[in-house]
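Please read the structure below before turning to the comments.
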Amino acid sequence: MGYFESLYASELPHRAVAVYMYLRDRADRDGKCYPAIGTIAAELKLSRSTVKRAIADLEKSGYLYKEQRWRENGGKSSNIYFLKTGMG
Numbered sequence: 001m002g003y004f005e006s007l008y009a010s011e012l013p014h015r016a017v018a019v020y021m022y023l024r025d026r027a028d029r030d031g032k033c034y035p036a037i038g039t040i041a042a043e044l045k046l047s048r049s050t051v052k053r054a055i056a057d058l059e060k061s062g063y064l065y066k067e068q069r070w071r072e073n074g075g076k077s078s079n080i081y082f083l084k085t086g087m088g
């Protein structure tokens, strides 16, 4: 059984599969990572809007959840993504 088998068997659009694999590749042992939307978009050669839709697809399907991160001065930073372990 392949590591991403449940992901491939899901009805997620290809954009979501690509973004999930990108995030999984960059996640730590606990399934956490925090790349910026622009970074994901640039490295996958997708638009920022497509990446945002892919993340929404993954959240809706239960493959990840995200939290907003904040800078010390109160400004927004990149989101932190928590990938569900044991899935895909």
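Residue numbering for the sequence shown follows the UniProt record's numbering, starting at 1 and increasing by one per position. In this text, a Cβ means the ideal position worked out from N, Cα and C, and glycines have one as well. In this text the structure is predicted, and so the values were computed from the model without any measurement.
Selected residue, minimal CA-CA separation from residue i, among the options
i           : options            : result
S6          : I80, R71, Y63      : Y63
residue 89  : Y65, D25, D30, L58 : Since the first and last residues shown for the chain are 1 and 88, residue 89 lies out of range.
E80         : T50, Y22, C33, A41 : In the sequence on display, residue 80 carries Ile and not Glu. That would be C33, whose Cα lies nearest to the Cα of I80.
M21         : S78, S47, L58      : L58
K45         : R15, F4, S77       : R15
residue 105 : A9, A27, V17, R69  : It is not possible to answer for residue 105, since the shown part of the chain is limited to 1 through 88.
Range covered by the alpha helix (DSSP H) that runs through residue i
i   : result
K52 : 48-61
L7  : 5-9
R26 : 14-26
E43 : 37-44
In DSSP terms, what residue i is bridged to
i   : result
F82 : K32, Y65
Buried or exposed (CB count within 10 angstroms, at least 16 for buried), residue i
i   : result
A9  : exposed
P35 : buried
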